[in-house]
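Taking the numbering used here as reference, the numbering of the sequence shown is continuous, increasing by one, and the terminal residue is 551.
Structure, as C-alpha coordinates:
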Amino acid sequence: MSHQLILEIARGQFAERGYEGTTVRTIAQEAGVDSALVHHFFLTKEGLFEAAVRGALQPPDLVERAMKGPRGQVGRRTVELFFSHWDEPSAAARLGGILRSMTANDMAADAVRNFLGDQVILPLTQALGHSQPELRAAMVGSHLIGLATTRYVYRVPAIAELTAAGLAAGTGKAIQTYLTGVLA
(Lines of atoms letter the chains of each structure in order from A and count residues from 1; the text may use other names and numbers.)
(Lines give C-alpha, C1' and ligand atoms only; values in the text may rest on other atoms or scores of the structure.)
Protein backbone atom coordinates (compact mmCIF):
# COMPACT_ATOMS: atom_id res chain seq x y z
CA MET A 1 0.00 0.00 0.00
CA SER A 2 2.77 2.49 0.88
CA HIS A 3 4.56 1.83 -2.41
CA GLN A 4 1.49 2.70 -4.50
CA LEU A 5 0.58 5.68 -2.30
CA ILE A 6 4.11 7.09 -2.62
CA LEU A 7 3.96 6.65 -6.38
CA GLU A 8 0.60 8.41 -6.68
CA ILE A 9 1.77 11.33 -4.54
CA ALA A 10 4.99 11.55 -6.56
CA ARG A 11 2.99 11.66 -9.80
CA GLY A 12 0.94 14.53 -8.46
CA GLN A 13 3.92 16.51 -7.20
CA PHE A 14 6.02 15.96 -10.35
CA ALA A 15 3.03 16.99 -12.48
CA GLU A 16 2.39 20.12 -10.43
CA ARG A 17 5.94 21.18 -9.57
CA GLY A 18 8.17 19.46 -12.12
CA TYR A 19 11.31 17.53 -11.25
CA GLU A 20 13.24 20.43 -9.71
CA GLY A 21 10.35 21.57 -7.53
CA THR A 22 9.67 18.15 -6.05
CA THR A 23 11.64 16.57 -3.22
CA VAL A 24 11.66 13.10 -1.71
CA ARG A 25 11.04 14.75 1.67
CA THR A 26 7.80 16.46 0.54
CA ILE A 27 6.57 13.25 -1.06
CA ALA A 28 7.31 11.30 2.13
CA GLN A 29 5.61 13.95 4.28
CA GLU A 30 2.46 13.90 2.17
CA ALA A 31 2.44 10.08 2.22
CA GLY A 32 2.95 10.06 5.99
CA VAL A 33 6.08 7.93 5.75
CA ASP A 34 9.77 8.36 6.44
CA SER A 35 11.98 9.44 3.52
CA ALA A 36 13.98 6.24 4.02
CA LEU A 37 10.95 4.23 2.90
CA VAL A 38 10.79 6.20 -0.35
CA HIS A 39 14.48 5.45 -0.90
CA HIS A 40 13.90 1.80 0.00
CA PHE A 41 11.28 1.42 -2.76
CA PHE A 42 12.79 3.68 -5.45
CA LEU A 43 16.47 4.12 -4.42
CA THR A 44 16.78 7.71 -5.70
CA LYS A 45 14.67 10.67 -6.70
CA GLU A 46 15.53 9.80 -10.32
CA GLY A 47 14.22 6.26 -9.81
CA LEU A 48 11.02 7.62 -8.31
CA PHE A 49 10.61 10.04 -11.23
CA GLU A 50 11.15 7.25 -13.75
CA ALA A 51 8.52 5.08 -12.04
CA ALA A 52 6.11 8.01 -11.80
CA VAL A 53 6.21 8.91 -15.50
CA ARG A 54 6.57 5.42 -17.01
CA GLY A 55 4.10 4.78 -19.81
CA ALA A 56 2.88 8.35 -20.02
CA LEU A 57 3.97 9.10 -23.56
CA GLN A 58 2.78 6.11 -25.53
CA PRO A 59 -0.80 5.02 -26.16
CA PRO A 60 -1.22 1.25 -26.06
CA ASP A 61 -1.02 -0.52 -29.44
CA LEU A 62 -0.23 2.73 -31.25
CA VAL A 63 0.92 1.29 -34.57
CA GLU A 64 -1.84 -1.29 -34.84
CA ARG A 65 -4.57 1.21 -33.97
CA ALA A 66 -3.22 4.07 -36.11
CA MET A 67 -2.86 1.81 -39.14
CA LYS A 68 -6.42 0.49 -38.83
CA GLY A 69 -8.51 2.27 -41.44
CA PRO A 70 -7.82 4.36 -44.54
CA ARG A 71 -4.17 5.43 -44.95
CA GLY A 72 -5.32 8.95 -45.79
CA GLN A 73 -6.63 9.34 -42.21
CA VAL A 74 -3.65 7.95 -40.29
CA GLY A 75 -2.60 11.47 -39.22
CA ARG A 76 -5.98 12.22 -37.69
CA ARG A 77 -6.10 8.83 -35.97
CA THR A 78 -2.59 9.32 -34.60
CA VAL A 79 -3.45 12.67 -33.02
CA GLU A 80 -6.67 11.31 -31.57
CA LEU A 81 -4.92 8.23 -30.15
CA PHE A 82 -2.26 10.31 -28.41
CA PHE A 83 -4.61 12.91 -26.96
CA SER A 84 -7.24 10.35 -25.91
CA HIS A 85 -4.46 8.55 -24.00
CA TRP A 86 -2.97 11.77 -22.61
CA ASP A 87 -6.37 13.06 -21.50
CA GLU A 88 -6.76 10.12 -19.12
CA PRO A 89 -6.11 11.58 -15.65
CA SER A 90 -3.23 9.27 -14.72
CA ALA A 91 -1.47 9.76 -18.06
CA ALA A 92 -2.07 13.53 -18.03
CA ALA A 93 -0.43 13.85 -14.61
CA ARG A 94 2.60 11.80 -15.69
CA LEU A 95 2.87 13.68 -18.97
CA GLY A 96 2.68 17.00 -17.12
CA GLY A 97 5.61 15.90 -14.97
CA ILE A 98 7.66 15.07 -18.04
CA LEU A 99 6.82 18.29 -19.87
CA ARG A 100 7.53 20.49 -16.84
CA SER A 101 10.80 18.68 -16.21
CA MET A 102 12.25 18.14 -19.68
CA THR A 103 14.55 21.15 -19.61
CA ALA A 104 15.82 20.55 -16.08
CA ASN A 105 16.16 16.77 -15.87
CA ASP A 106 18.10 14.46 -18.15
CA MET A 107 15.69 11.58 -17.56
CA ALA A 108 12.70 13.66 -18.67
CA ALA A 109 14.67 14.98 -21.63
CA ASP A 110 15.58 11.39 -22.54
CA ALA A 111 11.91 10.41 -22.41
CA VAL A 112 11.06 13.22 -24.83
CA ARG A 113 14.02 12.35 -27.09
CA ASN A 114 12.89 8.74 -27.17
CA PHE A 115 9.37 9.91 -27.99
CA LEU A 116 10.71 12.07 -30.80
CA GLY A 117 13.16 9.38 -31.85
CA ASP A 118 13.04 5.66 -32.09
CA GLN A 119 10.86 4.27 -29.31
CA VAL A 120 7.38 5.68 -29.82
CA ILE A 121 6.67 7.24 -33.19
CA LEU A 122 9.38 5.69 -35.38
CA PRO A 123 7.67 2.27 -35.43
CA LEU A 124 4.62 4.00 -36.92
CA THR A 125 6.59 5.89 -39.56
CA GLN A 126 8.46 2.70 -40.45
CA ALA A 127 5.19 0.76 -40.75
CA LEU A 128 3.92 3.35 -43.21
CA GLY A 129 6.94 2.63 -45.42
CA HIS A 130 7.76 6.13 -46.64
CA SER A 131 11.24 7.61 -46.99
CA GLN A 132 12.99 9.34 -44.08
CA PRO A 133 11.12 7.63 -41.22
CA GLU A 134 13.41 9.17 -38.56
CA LEU A 135 12.74 12.70 -39.80
CA ARG A 136 9.03 12.00 -40.08
CA ALA A 137 8.94 10.66 -36.51
CA ALA A 138 10.79 13.72 -35.21
CA MET A 139 8.41 16.08 -37.01
CA VAL A 140 5.30 14.29 -35.74
CA GLY A 141 6.72 14.10 -32.22
CA SER A 142 7.72 17.77 -32.16
CA HIS A 143 4.24 18.81 -33.23
CA LEU A 144 2.58 16.56 -30.64
CA ILE A 145 4.90 17.66 -27.81
CA GLY A 146 4.21 21.30 -28.69
CA LEU A 147 0.46 20.71 -28.60
CA ALA A 148 0.77 18.73 -25.37
CA THR A 149 2.80 21.49 -23.69
CA THR A 150 0.25 24.07 -24.80
CA ARG A 151 -2.62 21.90 -23.55
CA TYR A 152 -1.31 20.42 -20.30
CA VAL A 153 1.33 22.87 -19.04
CA TYR A 154 0.31 26.31 -20.32
CA ARG A 155 -3.38 25.36 -20.52
CA VAL A 156 -4.10 27.72 -23.41
CA PRO A 157 -7.92 27.64 -23.51
CA ALA A 158 -8.26 27.35 -27.29
CA ILE A 159 -6.23 24.11 -27.19
CA ALA A 160 -7.01 22.87 -23.67
CA GLU A 161 -10.78 22.96 -24.21
CA LEU A 162 -10.78 20.92 -27.41
CA THR A 163 -11.62 17.24 -27.28
CA ALA A 164 -9.09 14.75 -28.61
CA ALA A 165 -11.29 14.43 -31.71
CA GLY A 166 -11.31 18.22 -32.09
CA LEU A 167 -7.51 18.36 -31.91
CA ALA A 168 -7.33 15.54 -34.43
CA ALA A 169 -9.68 17.35 -36.81
CA GLY A 170 -7.64 20.54 -36.55
CA THR A 171 -4.14 19.07 -36.78
CA GLY A 172 -4.59 15.72 -38.48
CA LYS A 173 -3.72 17.08 -41.95
CA ALA A 174 -0.38 18.46 -40.77
CA ILE A 175 0.46 15.16 -39.07
CA GLN A 176 -0.67 13.30 -42.22
CA THR A 177 1.80 15.37 -44.25
CA TYR A 178 4.60 14.54 -41.83
CA LEU A 179 3.72 10.85 -41.95
CA THR A 180 3.03 10.32 -45.65
CA GLY A 181 3.60 13.52 -47.61
CA VAL A 182 6.52 14.80 -49.61
CA LEU A 183 9.21 16.29 -47.34
CA ALA A 184 11.50 18.98 -48.73
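All C-beta atoms, glycine included, are put in the ideal place defined by N, C-alpha and C.
| query | result |
| --- | --- |
| What's the call for Thr411, buried or exposed, on a 16-neighbour Cβ count within 10 Å? | exposed |
| Smallest Cα separation from Leu483: which of Gln493, Arg503, Gly464? | Arg503 |
| Taking the straight line between their C-alpha atoms, what separation do you get for Ala522 and Leu529? | Per the sequence presented here, residue 522 reads as Arg, with Ala not at that position. Distance between the alpha carbons of Arg522 and Leu529 is about 11 angstroms. |
| Is there contact here, the stretch 417-428 with the stretch 376-384, by at least three beta-carbon pairs under 8 angstroms? | yes |
| Less than 9 angstroms between the beta carbons of Leu415 and Gln499, yes or no? | no |
| Any chance the stretch 434-449 sits against the stretch 531-538, with 3 or more Cβ pairs inside 8 angstroms? | yes |
| Check each candidate in Asp473, Thr516, Pro490 and name the one with the smallest Cα separation from Ala505. | Pro490 |
| Val420 lies in the alpha helix (DSSP H); which residues open and close that run? | 412-420 |
| Which of helix, strand or coil does DSSP assign to Gln396? | helix |
| Please report the distance separating the alpha-carbon of Ser546 from that of Lys540. | What sits at residue 546 in the sequence shown is Leu, not Ser. Approximately 10 angstroms, taken between the alpha carbons. |
| Of the residues Gln425, Gln396, Ile373, which one's Cα is nearest the Cα of Trp453? | Gln425 |
| Report the start-end ranges of each alpha helix (DSSP H) in the stretch 446-481 that is 4 residues or longer and not cut off at the edges. | 456-468 |
| If you draw a straight line from the C-alpha of Met469 to the C-alpha of Thr516, how long is it? | 11 angstroms |
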